[in-house]
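Just remember that the working numbering sits 64 ahead of the position in the sequence shown, which is counted from 1.
All residues carry an ideal CB built from backbone N, CA and C; glycine is no exception.
To start, the structure itself, in structure tokens.
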Amino acid sequence: MPMTMPQSNFDLIVIGAGPGGYTAAIRAAQLGLKVACVEREFLGGTCLNIGCIPSKALLDTSYRFYDLTHHLAHRGIKATNPTIDLPTVMTFKDDVVKKMTNGVGYLFRKNKIEHLIGQARILSPGNVEVKSASGAATYSTKNILIATGSAPIELPKIPFDGKNILSSTQGLSLPEIPKRLIVIGGGYIGVELGSVWNRLGSEVLVLEFLPGILPPSDREMATALQKSLEKQGMKFRFNTSADTAVASNGKVKVNYHSGSETGPETGVEEADKVLIAVGRKPVTDGLGLTEAGVQQDHRGFVMVSPHYATRVPGIYAIGDVIGGAMLAHKAEEEGVAAVEIMAGKAGHVNYKACPAVVYTHPELAQVGMTEEEAAARGPIKIGKFPFTANGRARGMDDVEGFVKVIGDAKTDRLLGVHVLGADASTMIAEAAMAIEFAASVEDIGRAFHAHPTLPEAMREAALAANHLARQM
Ligand code: FAD
Ligand code: NAI
Numbered sequence: 065m066p067m068t069m070p071q072s073n074f075d076l077i078v079i080g081a082g083p084g085g086y087t088a089a090i091r092a093a094q095l096g097l098k099v100a101c102v103e104r105e106f107l108g109g110t111c112l113n114i115g116c117i118p119s120k121a122l123l124d125t126s127y128r129f130y131d132l133t134h135h136l137a138h139r140g141i142k143a144t145n146p147t148i149d150l151p152t153v154m155t156f157k158d159d160v161v162k163k164m165t166n167g168v169g170y171l172f173r174k175n176k177i178e179h180l181i182g183q184a185r186i187l188s189p190g191n192v193e194v195k196s197a198s199g200a201a202t203y204s205t206k207n208i209l210i211a212t213g214s215a216p217i218e219l220p221k222i223p224f225d226g227k228n229i230l231s232s233t234q235g236l237s238l239p240e241i242p243k244r245l246i247v248i249g250g251g252y253i254g255v256e257l258g259s260v261w262n263r264l265g266s267e268v269l270v271l272e273f274l275p276g277i278l279p280p281s282d283r284e285m286a287t288a289l290q291k292s293l294e295k296q297g298m299k300f301r302f303n304t305s306a307d308t309a310v311a312s313n314g315k316v317k318v319n320y321h322s323g324s325e326t327g328p329e330t331g332v333e334e335a336d337k338v339l340i341a342v343g344r345k346p347v348t349d350g351l352g353l354t355e356a357g358v359q360q361d362h363r364g365f366v367m368v369s370p371h372y373a374t375r376v377p378g379i380y381a382i383g384d385v386i387g388g389a390m391l392a393h394k395a396e397e398e399g400v401a402a403v404e405i406m407a408g409k410a411g412h413v414n415y416k417a418c419p420a421v422v423y424t425h426p427e428l429a430q431v432g433m434t435e436e437e438a439a440a441r442g443p444i445k446i447g448k449f450p451f452t453a454n455g456r457a458r459g460m461d462d463v464e465g466f467v468k469v470i471g472d473a474k475t476d477r478l479l480g481v482h483v484l485g486a487d488a489s490t491m492i493a494e495a496a497m498a499i500e501f502a503a504s505v506e507d508i509g510r511a512f513h514a515h516p517t518l519p520e521a522m523r524e525a526a527l528a529a530n531h532l533a534r535q536m
């Protein structure tokens, strides 16, 4: 392939156009830098193409179907034999993705960001090669930002085959609803995509290595969500690890072993499809990191300083590829902070105020410390409020779940907020803002909350933490 001499002098080349990379590129352009963003596959990265956006489209569609078939008749909404037309479900989802990714292209043009299509490799600090079907070119730049994201972890003994043994990407685009689906891993993807297919009619069994779902979450909240998912028909087998899987005649047999109270057990489960959701790994293939001198940890994550600098001057990294919470909004905030720091400003990410949401029904949202983390730090106070006592939730006939507010017992400082409920993803924004502003528990309890709304439950939980509950 012909190599060309270095082209266009950029201030910044961002590698990867996921939420971390494209947001960083836009912020850098706003700061007056001359920016290019290299992307080898799709604008919008994992999140817009094969992550947050398509999964939320499927979660919403499947929940509407489930609601219609399970919840609405007693309210007078009757539908005779509603059915799912899966190709149309997928077309809708793909259309949502297309609109969002087109939006990134528009933002690049609007902000005069050069979109370089191809595989990037760092030749040296200040030089990036971009290879595509039409050839290779080298670009020079003052700074490089690595935002190459993450990819699904493959189990060595249960490799993806794209037909019966699936990654999350394949699990978002099934051609038919599996009669039985085994999900390996009860983390974010396991419960979200497990929910989608369960609501559409699959029998779903989740095999989870640990004793409960969503390991980093507050235990009380995760257990309450698990019970709710079980009521919806999902089955869980904990302390269980999948060992091998054999596909034949369109079915897969999964051999597993579990640790139970009565000792170790082995067993076999059969399903039409197996979805592997055991975590994600950093993407750094072909980037030339070792040659450039960029350090990675033992799991391959790029190592950076608190200012997102690698140990090579002029090379920075953000987002999933540096580890920590693998969340789109975390990647975005890091991207913004990193380019602000490059531009001589005071970029900063307050990780304590980073919310996380599981988009099941009910949704589970959290910000700040779990009860376990807060209790390990010192004396705490806790207030809870159930949605059964919230007028709006009653009117919506959606009363599952509760709010838990955790504060410092001595100072009243707000430490953590957890919401299991119908619109927890929206409600958590208030709590994230409160933590960002270093609010006290009393601040939430004294702030106006419109009536009747779901966020009143957060206020009541805050009041309860200070023994001032009014509604319970
Ligand atoms: P990515 O989005 O992974 O983007 C990296 C980009 O870099 C890719 O487009 C890749 O093609 C490109 N690239 C890699 N190497 C090169 C190279 N050498 N040259 C050129 N380009 C390269 N997070 C949430 O916050 N909320 C959610 O609801 C949510 N749902 C999810 C659902 C699923 C099914 C999955 C899989 C993930 C979900 N996530 C969610 C996680 C979220 O998608 C990631 O945290 C986020 O995309 C990370 O952003 P990033 O910019 O670091 O990397
Ligand atoms: P995860 O880390 O959330 O969960 C993986 C689960 O698999 C863990 O519970 C782990 O104990 C289990 N596990 C690991 N090996 C196993 C084995 N051999 N057998 C059985 N269980 C095993 O990873 P997941 O679900 O793949 O998602 C990756 C990341 O993507 C998430 O951590 C999250 O950061 C992000 N994501 C975020 C979403 C959101 O914000 N709503 C939605 C989906 C993904």
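Residue i burial status per 10 Å Cβ neighbour count (16 or more: buried)
i, result
"E240", "exposed"
"M298", "buried"
"S237", "exposed"
"P516", "exposed"
"M491", "buried"
"M65", "Low confidence applies here, because M65 scores a pLDDT of 46, under 50, leaving its location unreliable; read the following figure in that light. Exposed."
"Q94", "exposed"
"P220", "exposed"
"R139", "exposed"
"H56", "The structure shown has nothing for residue 56, since the chain only spans 65 to 536."
"P519", "buried"
"M522", "buried"
"E500", "exposed"
"L271", "buried"
"Q234", "buried"
"L150", "exposed"
"S232", "buried"
"P443", "exposed"
"F172", "buried"
Bridge partners - residue i, DSSP secondary structure assignment
i, result
"V99", "L76"
"L219", "I222"
"I210", "I79 and A381"
"R301", "L271"
"E334", "K317"
"N191", "S188 and S204"
"I246", "L269 and V338"
"I446", "I470"
"A420", "Q430"
Of the listed residues the options, nearest to residue i (C-alpha basis)
i, options, result
"V403", "I499, R91 and T133", "R91"
"G573", "R244, T233 and L269", "In this structure the chain extends from 65 to 536, so residue 573 is not present and cannot be described."
"E437", "S369, K416 and A457", "K416"
"S214", "Y130, T205, E178 and P83", "P83"
"N73", "G199, A81, K98 and Q360", "K98"
"G314", "R477, G226 and A211", "G226"
"K317", "K337, E256 and D384", "K337"
"D282", "N530, A440 and M460", "A440"
Coil, strand or helix - residue i by DSSP
i, result
"R523", "helix"
"P118", "helix"
"A473", "coil"
"Q360", "strand"
"M65", "In this prediction, M65 scores a pLDDT of 46, lower than 50, which makes its location untrustworthy; no coordinate-derived value is stated."
"G199", "strand"
"T308", "strand"
"G323", "strand"
"G485", "strand"
"H179", "strand"
"I141", "coil"
"A439", "helix"
"S232", "helix"
"L479", "strand"
"E329", "strand"
"K163", "helix"
"T517", "coil"
Cβ neighbours of residue i in the same chain (closer than 7 Å, five flanking residues each side left out)
i, result
"I217", "V342, G343, R344 and K345"
"D507", "A498"
"G350", "Q183 and R185"
"L527", "G447, G509, A533 and R534"
"A525", "G447, K448, F449, V467, K468 and V469"
"I253", "S232 and A341"
Cβ neighbours of residue i in the same chain (closer than 6 Å, five flanking residues each side left out)
i, result
"H425", "Y127"
"V463", "F451, T452 and A457"
"L112", "M164 and T165"
"A89", "V78, V99, C101 and I177"
"A286", "G276, I277 and L278"
8 Å Cβ shell around residue i - same chain, five flanking residues per side excluded
i, result
"K174", "none"
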